[in-house]
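Protein chains in written order, with our numbering: chain V, 1151 to 1596; chain C, 289 to 447.
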């Protein structure tokens, strides 16, 4: 729907040249690339027009701030202070004086131009290699003015892709649980926001407890656990229409839902008589299939991106461990063998890794291992943190962290955090309220 | 009838053995806790005089302790005397576990209590079960005592 509003006007083919800058994102990036994001230029008429429509004084500058923040948050880029910029923004966009930009140590330069055309927002931008004195990328977009932040995200995705060789993750959303109130009577609502913490919308009112929301592959549906009428069940919510329905007709609690990679099934746990097993329900024909049948707890299922395998959490060995099986439930194999307990396995969108939560000696870790259990790497340690979710390019994990309370049992907070696969660039993700159970969408455009 | 009784006794022996082996491994008593099972009365409410409403569990466990079985027998006696009362068993976990696993663990704990009540003659039709996982702690503290109070199954009147 929103996708259609974007019309790619012109793609000026990037000029292929040797020795253009490249960012290596496979290693921890200790020296982020210095980049100058020149405020997008804007003519007086357009400026006045947008001020009326968007109540923003200088939309060109605002969009460049979105880009700059994205680049900074990625940890791979170091946006330079604008006070040091020598060249005027409109001229820089036409013909940058590379010596000026090299002088302030910029290696990449981003310039652009914003115009108001028939009540629409037209944005063009260029990415320049300062040292090679060459244009690397030039694109233009036209959309409704209200989409201006998304334009900033899409531009960042294009820049990220051009410089790292991998898809970006900026034009995405996070669905999560917004929390408030005392720890013993927490009020929880479903909330959705842009990846950078803006445009927060609340999808439920907080009348009932809600947990663990997850997007479908097209980001239009969400599956989650709701305690509506004190019956904890997996629900399906259409974000645009707001229509909700219970998934399946189970005589007990269903929980830990996720979509299959084709979006046609929901996989979840069903608990009855003290035993939790994994089931799927086909959303078209409503057929329910039992995947595991074991007297232990089987939960937190997550499909491999090709849909052929499922990783899940089970205590069949006595304690919580991670297992992998074929998607029909056969060939169950334990993959976690390190010290401690393992939970919340989630398969990476690239297919090669499984992220997890580990509890060992009173500390909680977010980590990754290969799908056969080898190569375990712990990325971060804390008092309490769990439930990693992958960015669509498989480079960043978002999770939530809770704090220890003081002697009076006060001071509890829950916040979203993100960390690179490399273990670098750990950051708090800004949210309007306390937050938990984040789930990252796929890219909204392209 | 007779067979029923034999089975019931056999079940109790098995449970007792399990509890004894569990106790053998960790027998530290620290005032309000035995091992890491809460034995105090801070949060306990009463369904009737002398009938505590809740039982407590060890970390990651759903095995009923001797004390828990004693509490549940009192509840069963009270329920037999009040045949019109139905109950909800609310299973809970502490905050030191992942959310989804804790939901399953809470369900397992509440069902451990349900099974025991049933062996004492309470019909399954009078009992419903709900798990809150780690979502509804009674004590907001971040220490072993607070966690022990939160690992519980609470019997609540449904009508």
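Even glycine gets a Cβ: it sits at the ideal position worked out from N, Cα and C.
Whole angstroms are fine: how far does the CA of residue j sit from the CA of residue i?
i              : j              : result
residue 1293/V : residue 1263/V : 14 Å
residue 444/C  : residue 1326/V : 31 Å
residue 1570/V : residue 1446/V : 34 Å
residue 1331/V : residue 1348/V : 22 Å
residue 363/C  : residue 426/C  : 21 Å
residue 1592/V : residue 1448/V : 27 Å
residue 1424/V : residue 1577/V : 39 Å
residue 436/C  : residue 325/C  : 6 Å
residue 1237/V : residue 1412/V : 49 Å
residue 1515/V : residue 351/C  : 28 Å
residue 1280/V : residue 1575/V : 26 Å
residue 1464/V : residue 1470/V : 5 Å
residue 1207/V : residue 1320/V : 24 Å
residue 1405/V : residue 417/C  : 15 Å
residue 1511/V : residue 1503/V : 24 Å
residue 335/C  : residue 1418/V : 35 Å
residue 1395/V : residue 1416/V : 13 Å
residue 1209/V : residue 1192/V : 8 Å
residue 434/C  : residue 408/C  : 31 Å
residue 354/C  : residue 1567/V : 43 Å
residue 1506/V : residue 1460/V : 14 Å
residue 1227/V : residue 1213/V : 17 Å
residue 375/C  : residue 1300/V : 52 Å
residue 1501/V : residue 1444/V : 27 Å
residue 1545/V : residue 1323/V : 16 Å
residue 315/C  : residue 432/C  : Reliability fails at residue 315/C, whose pLDDT of 44 lies under 50, so the model's placement of it is uncertain and no value is given.
residue 1565/V : residue 1441/V : 34 Å
According to DSSP, what are the bridge partners of residue i?
i              : result
residue 378/C  : 418/C and 442/C
residue 1590/V : 1324/V
residue 447/C  : Answer is none; residue 447/C lacks a bridge partner.
residue 1497/V : 1504/V
residue 1260/V : 1187/V and 1277/V
residue 1394/V : 1387/V
residue 1403/V : 1421/V
residue 1532/V : 1514/V
residue 1340/V : 1327/V
residue 1227/V : 1183/V
residue 1578/V : 1567/V
residue 1415/V : 1432/V
residue 1265/V : 1272/V
residue 336/C  : 339/C
What is the residue span of the alpha helix (DSSP H) that residue i lies within?
i              : result
residue 400/C  : 387–407
residue 1310/V : 1298–1314
residue 1203/V : 1194–1204
residue 1219/V : 1209–1224
residue 363/C  : 354–369
residue 1289/V : Unbroken run through residue 1289/V is the beta strand (DSSP E), 1284–1293; no alpha helix (DSSP H).
residue 1248/V : 1248–1253
Quick check on the burial criterion: 16 or more other C-beta atoms within 10 angstroms. Buried or exposed for residue i?
i              : result
residue 1346/V : buried
residue 446/C  : exposed
residue 1253/V : exposed
residue 1340/V : buried
residue 1364/V : buried
residue 329/C  : exposed
residue 1556/V : exposed
residue 1234/V : exposed
residue 1589/V : buried
residue 346/C  : buried
residue 1508/V : buried
residue 370/C  : exposed
residue 1329/V : buried
residue 1368/V : exposed
residue 442/C  : buried
Could you give the first and the last residue of the continuous beta strand (DSSP E) run that contains residue i?
i              : result
residue 1364/V : 1360–1365
residue 1271/V : 1270–1279
residue 1541/V : Looking at the DSSP string, residue 1541/V is not in any beta strand (DSSP E), and its letter there is neither H nor E.
residue 1242/V : Careful: residue 1242/V lies outside any beta strand (DSSP E), inside the alpha helix (DSSP H) at 1239–1244.
residue 423/C  : Premise fails: residue 423/C is in no beta strand (DSSP E) and is neither H nor E.
residue 1485/V : Counting along the chain, residue 1485/V falls outside any beta strand (DSSP E), and DSSP gives it neither H nor E.
residue 1548/V : 1546–1552
residue 1449/V : 1448–1453
residue 1372/V : 1371–1376
residue 1440/V : 1438–1440
With a threshold of 7 Å (Cβ to nearest heavy atom), would residue i be considered close to the ligand NAP?
i              : result
residue 1294/V : The ligand NAP is absent from the structure shown, which contains no ligand whatsoever.
Residues within the segment 1441–1452 of chain V neighbouring chain D, beta-carbon criterion of under 7 Å
Among the protein chains in the structure shown, which are V and C, there is no chain D.
Curious, which full-length beta strand (DSSP E) runs of at least 3 residues does the segment 1456–1482 of chain V contain?
The qualifying runs are 1459–1464 and 1471–1476.
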